[in-house]
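Note that numbering that gives the first Met the number 0 gives residue 322 to position 323 of the sequence shown, counting from 1, and the numbers run on in steps of one.
To start, the structure itself, in structure tokens.
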Amino acid sequence: MTGKLAAIVSARIHLVDRQYRFVILGLLLVAGCVSYIDRTAIGVANLAIAHDFGLSFTQLGLILSSFAWAYMVCQIPAGILADRFSARFLIFASLIIWGVAQLLSGVASSAGMILVSRALLGIGEAPLFLAGTKVITQWFNARERGTPISLFNASSSLGQVLAPLLLGFVASRWGWHAMFVVLGLLSFVVAVGWISLHRPPPLAAVPARKQPFHFRRTLSQPVSWVLAGGFIGVIYLQWLYASWLPSYLQSNWHISIERASYLSALPQFFGFLGGIYGGPLIDRRTAKNIPPIKACHRPLVYALFLASLTTILAPFCQNLPEVIIMMSAALFFCGLASTCGWTLGTVVSAPETVATVEAIQNIGGSFGGVIAPIVTGGILARSDSYPLAMGTAGAIAALSAAIYGLGIKAARRG
0 MTGKLAAIVS ARIHLVDRQY RFVILGLLLV AGCVSYIDRT AIGVANLAIA
50 HDFGLSFTQL GLILSSFAWA YMVCQIPAGI LADRFSARFL IFASLIIWGV
100 AQLLSGVASS AGMILVSRAL LGIGEAPLFL AGTKVITQWF NARERGTPIS
150 LFNASSSLGQ VLAPLLLGFV ASRWGWHAMF VVLGLLSFVV AVGWISLHRP
200 PPLAAVPARK QPFHFRRTLS QPVSWVLAGG FIGVIYLQWL YASWLPSYLQ
250 SNWHISIERA SYLSALPQFF GFLGGIYGGP LIDRRTAKNI PPIKACHRPL
300 VYALFLASLT TILAPFCQNL PEVIIMMSAA LFFCGLASTC GWTLGTVVSA
350 PETVATVEAI QNIGGSFGGV IAPIVTGGIL ARSDSYPLAM GTAGAIAALS
400 AAIYGLGIKA ARRG
């Protein structure tokens, strides 16, 4: 009887643990959503900020890129921290730091303060998706991981949907300073919720001993840098739309900031749907006994090529509804590519180096995020040509798709 009772108790504990993992996933989704509301908020207000501080498009592009510079530099340190230390306190600290950064933007009295606060935001947000992915790999096994990762990844697109809807309303009524203050306070609320509710899985692996060769070996693997090179195009496209879509709609179609913000939310919503769709697609492919790498790789390459093509075509549409439809398609495919790329990083890496491999991949993505606003701002300053800017983005995305397509196959043969 004692053995039977122990088995029943053990089974119930296991069931509770399996249910609780969805609480953990929900917390990660909220944090991911807020992080992208925070990082894309400046896209809603960039013309107002440029007006207040007398900035050119080139100067504005540099400020828009400051987040991505800091985010990129911090990726490797954040990945190592995520592989070595508790996600509970790392993500809590991350939320607090980026909340402070948003408050600094809210009280900014110069362009320099905006630049510094955006850089601090990049530092604060650097660990989130690395540590969060590590948490998911602890709570979900490899064959059921695609959907949770797609949800976590898609939380970024959901943030980009909500940002123009909520922040356009706030900025148009109370100004962009108030918008940043609200975001800082929201980040603090999420931080309290995370630290209060999070706990590690009871059967989580004991953290690996500190072995520097893991990092050096991971860094030297060709597949790590294929992931980084491919992810440049994914994040370049995401930052192009996040940073410049509201401005494009205001400038080219002569509509108000509030209406431009609302219209910007529709393509971002399709990016969210694409990110969501990626997980079940991968899980269905693996259920058909397709190897996990192939299950991620082929949809990734096709989706990124389609995102490239629709981005190139979008500015040549003849009316605003057609533009929104084409951009919605571009972001749908971009969201799908992002989920496949992020999941691919988890299946080509050892469990103890997941966050570090994702960090290397994110260096490439962050580089795309750095150059997207700078290149776009430079093109607009010199030629005032959105077709040229978006054609350049499409070309970069197509090159990244080729890197994924050829590089993963070559790395696996090697």
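Note that beta-carbon positions come from the ideal geometry of N, C-alpha and C, so glycine has one too.
As the structure is a computational prediction, the values presented were derived from the model and not from experiment.
Checklist entry - Which first and last residues belong to the alpha helix (DSSP H) in which E257 is found? => result Residue mapping note: residue 257 aligns to position 258 of the sequence shown, counting from 1. Counting along the chain, the alpha helix (DSSP H) containing E257 begins and ends at 256-286.
Checklist entry - Considering G497, what are the terminal residues of the alpha helix (DSSP H) in which it resides? => result This structure gives no information on residue 497, because the portion of the chain shown stretches from 0 to 413.
Checklist entry - Apart from the five residues on each side of it in sequence, which residues of its chain come closer than 6 Å, Cβ to Cβ, to N361? => result Working through the sequence shown from its first residue, we reach residue 361 at position 362. Q74, listed in sequence order.
Checklist entry - Looking only at C-alpha atoms, which of I148, F91, I113 sits nearest to A125? => result For this step, residue 125 is matched to residue 126 along the sequence shown. The shortest Cα separation from A125 among I148, F91, I113 belongs to F91.
Checklist entry - Should P372 go down as buried or exposed, given a rule of 16 or more other Cβ atoms within 10 Å for buried? => result As a position in the sequence shown, residue 372 is number 373, starting the count at 1. The residue is buried, with at least 16 neighbouring Cβ atoms inside 10 Å.
Next on the checklist: Just to confirm my understanding: we take S255, look at its own chain, exclude 5 residues before and 5 after, and list those with CB closer than 8 Å. What are they?
Outcome noted: Your numbering for residue 255 matches position 256 in the sequence shown. Cβ neighbours of S255 beyond the five flanking positions: S171, Q249.
Item to check | Close Cβ partners of Q266 (< 8 Å) along its chain, the five nearest in sequence each way excluded | outcome: Residue 266 sits at position 267 when you count from the first residue of the sequence shown. Residue identity differs from the one stated: residue 266 is Pro in this sequence, not Gln. Cβ within range, chain order: Y240, L244, I323, M326, S327, A329, L330.
Item to check | Start-end ranges of the beta strand (DSSP E) lying completely within the stretch 218-256, minimum 3 residues | outcome: none
Next on the checklist: Would I281 and S154 qualify as a contact pair, given that the criterion is a beta-carbon distance under 9 Å?
Outcome noted: For this step, residue 281 is matched to residue 282 along the sequence shown. For this step, residue 154 is matched to residue 155 along the sequence shown. Contact flag unset, no.
Checklist entry - By a C-beta neighbour count over all protein chains shown, 10 Å radius and 16 as the cutoff for buried, is Q101 buried or exposed? => result Residue mapping note: residue 101 aligns to position 102 of the sequence shown, counting from 1. By the neighbour-count rule (16 or more Cβ atoms within 10 Å), Q101 is buried.
Item to check | Own chain, CB closer than 6 Å to A47, minus 5 neighbours either side, in chain order | outcome: Residue mapping note: residue 47 aligns to position 48 of the sequence shown, counting from 1. Contacts found: W175.
Next on the checklist: Rounded to the nearest angstrom, what separates F230 and V369 at their Cα positions?
Outcome noted: Numbered from 1 along the sequence shown, position 231 holds the residue referred to as residue 230. Numbered from 1 along the sequence shown, position 370 holds the residue referred to as residue 369. Their backbone Cα atoms lie some 13 Å apart in a straight line.
Checklist entry - Where does the unbroken alpha helix (DSSP H) through N318 begin, and where does it stop? => result Residue 318 sits at position 319 when you count from the first residue of the sequence shown. Looking at the DSSP string, N318 is not in any alpha helix (DSSP H), and its letter there is neither H nor E.
Item to check | Sequence ranges, alpha helix (DSSP H) only - wholly within the stretch 40-109, length at least 4 | outcome: 56-72, 74-83, 86-105
Checklist entry - Where I378 and F56 are concerned, what is the direct C-alpha to C-alpha distance, given to the nearest angstrom? => result The sequence position of residue 378 within the sequence shown is 379, counting from 1. The sequence position of residue 56 within the sequence shown is 57, counting from 1. About 9 Å.
Next on the checklist: Rounding to the nearest angstrom, what Cα-Cα distance links V300 and G367 in this structure?
Outcome noted: Counting from one through the sequence shown, the residue named residue 300 turns up at place 301. Counting from one through the sequence shown, the residue named residue 367 turns up at place 368. Each residue's alpha carbon lies about 17 Å from the other.
Checklist entry - Can V43 and G167 be called in contact, C-beta distance under 9 Å? => result Within the sequence shown, residue 43 is the residue found at index 44, counting from 1. Within the sequence shown, residue 167 is the residue found at index 168, counting from 1. Going by C-beta atoms, V43 is nearer than 9 Å to G167.
Item to check | Buried versus exposed call for D383 [16 or more other C-beta atoms within 10 Å across all chains shown] | outcome: The residue given as residue 383 occupies position 384 in the sequence shown. Counting Cβ neighbours within 10 Å, D383 comes out exposed, since fewer than 16 surround it.
Item to check | Chain-order list of residues whose beta-carbon lies under 6 Å from that of G121 (same chain, five-residue window excluded) | outcome: On the sequence shown, residue 121 is found 122 positions in, with the first residue counted as 1. Cβ neighbours of G121 beyond the five flanking positions: F66, A69, Y70.
Checklist entry - Buried or exposed: where does W415 fall if 16 or more other Cβ atoms within 10 Å of its Cβ makes it buried? => result With the chain running from 0 to 413 in the structure shown, residue 415 is simply not present.
Item to check | Alpha-carbon spacing of M178 relative to V169, whole angstroms | outcome: Along the sequence shown, one-based indexing puts residue 178 at 179. Along the sequence shown, one-based indexing puts residue 169 at 170. Those two C-alpha atoms are separated by around 6 Å.
Checklist entry - When burial is assigned at 16 or more other CB atoms within 10 Å of the CB, is R17 buried or exposed? => result In the sequence shown, the residue the question calls residue 17 occupies position 18. With fewer than 16 Cβ atoms within 10 Å of its Cβ, R17 is classed as exposed.
Checklist entry - Apart from the five residues just before and just after V99, which ones in its own chain have a Cβ nearer than 8 Å to its Cβ? => result Counted from its first residue, the sequence shown places residue 99 at position 100. If we look at V99 and ignore the five residues flanking it on each side, its Cβ neighbours are L119, G123, G183.
Checklist entry - Exposed or buried, E143, counting other C-beta atoms within 10 Å across all chains shown (16 or more means buried)? => result If you number the sequence shown from 1, residue 143 lands on position 144. Classification for E143: exposed.
Next on the checklist: By the DSSP assignment, the alpha helix (DSSP H) with N140 in it spans what residues?
Outcome noted: For the purposes of this step, residue 140 is taken as residue 141 along the sequence shown, with counting starting at 1. It is not in any alpha helix (DSSP H) - N140 carries neither H nor E in the DSSP assignment.
Item to check | Assigned exposure category for W193 - 16 Cβ within 10 Å defines buried | outcome: Taking the sequence shown and counting its residues from 1, one reaches residue 193 at position 194. So W193 counts as buried.
Checklist entry - Would the stretch 329-349 and the stretch 300-317 be scored as touching if the rule is three or more Cβ pairs under 8 Å? => result yes
Next on the checklist: Measuring alpha carbon to alpha carbon, tell me which residue in D82, W252, I36 is nearest V165.
Outcome noted: Mapped onto the sequence shown, residue 165 falls at position 166. The residue you asked about is not Val; residue 165 is Leu in the sequence shown. Checking every option, the nearest Cα to that of L165 belongs to I36.
Item to check | Supposed contact pair I113 and I62 - C-beta distance, whole angstroms, cut 8 Å | outcome: Within the sequence shown, numbered from 1, the residue matching residue 62 stands at position 63. Within the sequence shown, numbered from 1, the residue matching residue 113 stands at position 114. Contact holds; Cβ gap of about 6 Å.
Item to check | Extent of the continuous alpha helix (DSSP H) run through A200 | outcome: Mapped onto the sequence shown, residue 200 falls at position 201. Looking at the sequence itself, residue 200 is Pro, so the reference to Ala does not match. Element bounds for P200: n/a, residue is neither H nor E.
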